[in-house]
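Remarks on the structure that follows.
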Amino acid sequence: MTAPLDIEGPAAPPRSNGELVFSEPWESRAFGMAVSLYEAGAFTWPQFQAALIARIAAWEATPARDEPYPYYRLWLAALEDVLVGLCAVSTDEVTARAQALAQRPPGHDHRDDPGHEHHHARDRSQS
Amino acid sequence: MTTTGSGERLPPALRTEALEQLLTERGLIDPKVMNGIITEYETNVGPLNGAKVVAKAWTDPEYRRRLLQDGTAAIKELGFSGPQGEHIVVVENTPTTHHVVVCTLCSCYPWPVLGLPPSWYKDPAYRARVVKEPRTVLSEMGLDLDDDVQITVHDSTSEVRWLVLPERPAGTEHLTEEELVSLVTRDAMVGVAKVAAP
Numbered sequence: 001m002t003a004p005l006d007i008e009g010p011a012a013p014p015r016s017n018g019e020l021v022f023s024e025p026w027e028s029r030a031f032g033m034a035v036s037l038y039e040a041g042a043f044t045w046p047q048f049q050a051a052l053i054a055r056i057a058a059w060e061a062t063p064a065r066d067e068p069y070p071y072y073r074l075w076l077a078a079l080e081d082v083l084v085g086l087c088a089v090s091t092d093e094v095t096a097r098a099q100a101l102a103q104r105p106p107g108h109d110h111r112d113d114p115g116h117e118h119h120h121a122r123d124r125s126q127s
Numbered sequence: 128m129t130t131t132g133s134g135e136r137l138p139p140a141l142r143t144e145a146l147e148q149l150l151t152e153r154g155l156i157d158p159k160v161m162n163g164i165i166t167e168y169e170t171n172v173g174p175l176n177g178a179k180v181v182a183k184a185w186t187d188p189e190y191r192r193r194l195l196q197d198g199t200a201a202i203k204e205l206g207f208s209g210p211q212g213e214h215i216v217v218v219e220n221t222p223t224t225h226h227v228v229v230c231t232l233c234s235c236y237p238w239p240v241l242g243l244p245p246s247w248y249k250d251p252a253y254r255a256r257v258v259k260e261p262r263t264v265l266s267e268m269g270l271d272l273d274d275d276v277q278i279t280v281h282d283s284t285s286e287v288r289w290l291v292l293p294e295r296p297a298g299t300e301h302l303t304e305e306e307l308v309s310l311v312t313r314d315a316m317v318g319v320a321k322v323a324a325p
């Protein structure tokens, strides 16, 4: 999070034992995409939920897991699974675009912080 | 498969951004709408909503009856509804019966009243263990229940989202509904804690 956060005030993000809802901006984008698409009727929640359950089960079945539980990575993978199933995007397209984004020169990363616009929106709403 | 494999090892932030760009270009998402949803869950939707429901149920017997009968409808009376709130069932903790909630397969949770779930709720250890040894897990989380208290674990794997109506702590009879709201914690509404008197 790059924007200064209101820790105690009425606009403070919901916290649980000091834990923010999202630990990184991309997690909030992955969450927001799934909910937007669901609310727009692109898929039903049980469809997404089934994909999420499958991704979680696959991760849990992996023998040597030494990484922390990557919940939002599995969430993102599940979202891709559903969208690929609907032919809305293909895995290769997403990979190619992500690789292209990775090639951006440093300094040309205005859009790198996916929470950028979002924080401005919040700043405005507070004024 | 090679492409997919290497692609999945790209930083998730990049894959997320790539996906968002593609979906926006295709008119499948509107970034403004999406920003609104994220802000809503980061700033507005949280356990405070559930605390208001609980405090009202503690102070209004008729509301409590409606809440236990049809959670979704009673919660909507207070203006809380939305995704993951379509079918909320409320269970009441008593001195002899304790309810605790889990989603064994993923992370189902009553968003409109509790916001998004905390990490421990999503964690594989909690999900696997609270079903098998609830008393031990609750004790590890700081809630020691007497052996004669019956524990029921509710698994949110179906369409149902569970909300626990905690016991109103003794010695709070003089408090107003508003004052009670500030006592109610998220953990008490999941059933891994009790509400403490102030």
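Chains P and F, in that order, are what the protein sequence lines are. Take 1 as the starting number for the first sequence in the working numbering and just add one per residue. Take 128 as the starting number for the second sequence in the working numbering and just add one per residue. The C-beta atom is built at its ideal place from N, Cα and C for all residues, glycine as well.
Using a Cβ-Cβ cut-off of 8 Å, V35/P counts as an interface residue toward chain F, since at least one Cβ of chain F sits closer than that to its own. Contact between the region 310-317 of chain F and the region 170-179 of chain F is present: 3 or more CB-CB pairs across the two stretches fall below 8 Å. A distance below 6 Å between beta-carbons, with the five flanking residues on each side excluded, links E286/F to the following residues of its chain, in chain order: H214. The region 145-165 of chain F and the region 89-99 of chain P touch, with no fewer than 3 CB-CB distances between them shorter than 8 Å.
The alpha-carbon of F43/P is positioned some 9 Å away from that of L83/P. Linking P138/F to V280/F through their CA atoms gives a straight-line distance of about 37 Å. Not a single C-beta of chain P is nearer than 8 Å to the C-beta of A324/F. The three-state secondary structure of L205/F, taken from DSSP, is coil. In the three-state DSSP reduction, L74/P falls in the helix class (H, G or I).
Neighbours of F43/P across chain F, judged by C-beta separation under 7 Å, do not exist; the nearest C-beta is about 11 Å away. Closest in C-alpha terms to T284/F, from the list G32/P, Q49/P, E39/P, comes Q49/P.
As DSSP reads the structure, W289/F sits in a beta bridge with V216/F. For I278/F, the enclosing beta strand (DSSP E) starts and ends at 277-282.
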